[in-house]
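The structure under discussion appears below in the form of structure tokens.
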Amino acid sequence: MTHGPALAGGLLIGLASAGLLLLNGRVAGISGIFAGLLEPRRGDKAWRALFIAGLVAGAAAVALLRPGTFRFDVVRPPALILAAGVLVGFGTRLGNGCTSGHGLCGVSRFSPRSLIATATFIAAGALTVFVGRHLLGTLP
Amino acid sequence: MKTSLSALACGILFGAGLALSGMVQPEKVIGFLDFAGAFDPTLAVVMAGALAVLFPAQALARRWTAPLQATRFAQLPRLRVDRRLVAGALLFGVGWGLSGFCPGPGIAAAGVGLRDALWFLPGMIGGMLLFRAWEARAHRPLVDETGVPVPSAENELAS
Numbered sequence: 014m015t016h017g018p019a020l021a022g023g024l025l026i027g028l029a030s031a032g033l034l035l036l037n038g039r040v041a042g043i044s045g046i047f048a049g050l051l052e053p054r055r056g057d058k059a060w061r062a063l064f065i066a067g068l069v070a071g072a073a074a075v076a077l078l079r080p081g082t083f084r085f086d087v088v089r090p091p092a093l094i095l096a097a098g099v100l101v102g103f104g105t106r107l108g109n110g111c112t113s114g115h116g117l118c119g120v121s122r123f124s125p126r127s128l129i130a131t132a133t134f135i136a137a138g139a140l141t142v143f144v145g146r147h148l149l150g151t152l153p
Numbered sequence: 002m003k004t005s006l007s008a009l010a011c012g013i014l015f016g017a018g019l020a021l022s023g024m025v026q027p028e029k030v031i032g033f034l035d036f037a038g039a040f041d042p043t044l045a046v047v048m049a050g051a052l053a054v055l056f057p058a059q060a061l062a063r064r065w066t067a068p069l070q071a072t073r074f075a076q077l078p079r080l081r082v083d084r085r086l087v088a089g090a091l092l093f094g095v096g097w098g099l100s101g102f103c104p105g106p107g108i109a110a111a112g113v114g115l116r117d118a119l120w121f122l123p124g125m126i127g128g129m130l131l132f133r134a135w136e137a138r139a140h141r142p143l144v145d146e147t148g149v150p151v152p153s154a155e156n157e158l159a160s
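Taken in sequence, the protein lines are chains A and B. What the first sequence shows, in the working numbering, is residues 14 to 153, in sequence order. What the second sequence shows, in the working numbering, is residues 2 to 160, in sequence order.
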């Protein structure tokens, strides 16, 4: 198994985040950018909407060029995915960030909050997979 | 106008990177979190690639007084590590482990129309709105991704 595409994809993600920082002075935290769109009285929706639209378009373009990009080997129960979405939405707002905002932008500026958050969500995710897949055997 | 165009361009690059790296496939993410099973290091490779670009970019940003197309960098107040941060990261991590989606890949996969993500995205929006309602009930000012209070009716009342 080669890690070429993963490394190239990571470099692109880094370039995108660096671009948003150095051009617009913004943190490329997806949960925060997206949550801003849900604020009825917020004025700066244009750049947020364009960033999110671009994110979907960029992923769709790669999927067209590389069939199998969105291939799913395992389909999980809808109720489980819905509940996971609620946890992700609530948790990223309570903790002020997700994999991109804390894990990449925050870690790259050595923010203690982001380092702690990143270690915590990776540990919580790993524990969830361990319990669900290996202890209970209910997670695919 | 220029900031809108660069936001769009950065979004496209970000989405392309997510798709190319395989991070839109929940199995790869769950594989990374599965230390006791068939561990898949892909996510670590992706993070290493992104950080290799971001470390020098942050060093550059620290030396600049302003970004190229805006008057100032988003203010990042020095917040403490508190219970809210850790509790939020815990909840997020559980949802991430259950679904294999974090916000970026979830939005991208829902945008492309994948069944799993079409359940994930409404859940995530619901969770964010739930948090908003919960904060409003406690009369706490809402903050954005940088920790800066969001201009809103609730905040004007709270401040």
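The beta carbon of each residue, even a glycine, is placed where N, CA and C say it ideally should be.
- Think of a sphere of 7 Å around the beta carbon of P104(B): the chain A residues whose beta carbon falls inside it are I43, S44, F47, V101, T105 and C111, in chain order.
- A distance of 9 Å or more separates the beta carbons of A60(B) and P68(B).
- Distance from the CA atom of L93(A) to the CA atom of G145(A), rounded to whole angstroms, is 12 Å.
- By the Cβ-count criterion, F123(A) is exposed, with fewer than 16 other Cβ atoms from all chains shown falling within 10 Å of its own Cβ.
- By a beta-carbon distance limit of 8 Å, A109(B) contacts V69(A). Their separation comes to about 6 Å.
- For C11(B), the uninterrupted alpha helix (DSSP H) run begins and ends at K3 to S22, by DSSP.
- Per DSSP, V82(B) lies in no alpha helix (DSSP H) segment and is marked neither H nor E.
- By a beta-carbon distance limit of 8 Å, G98(B) does not contact A132(A). Their separation comes to about 14 Å.
- Residue-level contact by beta carbon fails for G150(A) and chain B, as no gap is shorter than 9 Å.
- The contact set of T43(B) on chain A, defined by CB atoms closer than 8 Å, consists of H16 and A19 in chain order.
- Residues of the region 55-66 of chain B that bring their beta carbon within less than 7 Å of a beta carbon in chain A comprise L55, F56, A58, Q59, L61 and A62, in sequence order.
- Residue range T43 to R64 is occupied by the alpha helix (DSSP H) that includes Q59(B).
- By the neighbour-count definition (other C-beta atoms within 10 Å, threshold 16), M129(B) is a buried residue.
- When V99(A), A97(A) and G104(A) are compared, the shortest CA-CA separation from R84(B) is found for G104(A).
- For P68(B), the nearest beta carbon of chain A is closer than 9 Å to its own beta carbon.
- For a Cβ distance threshold of 7 Å, nothing in chain A lies close to P142(B): the least Cβ distance comes to about 12 Å.
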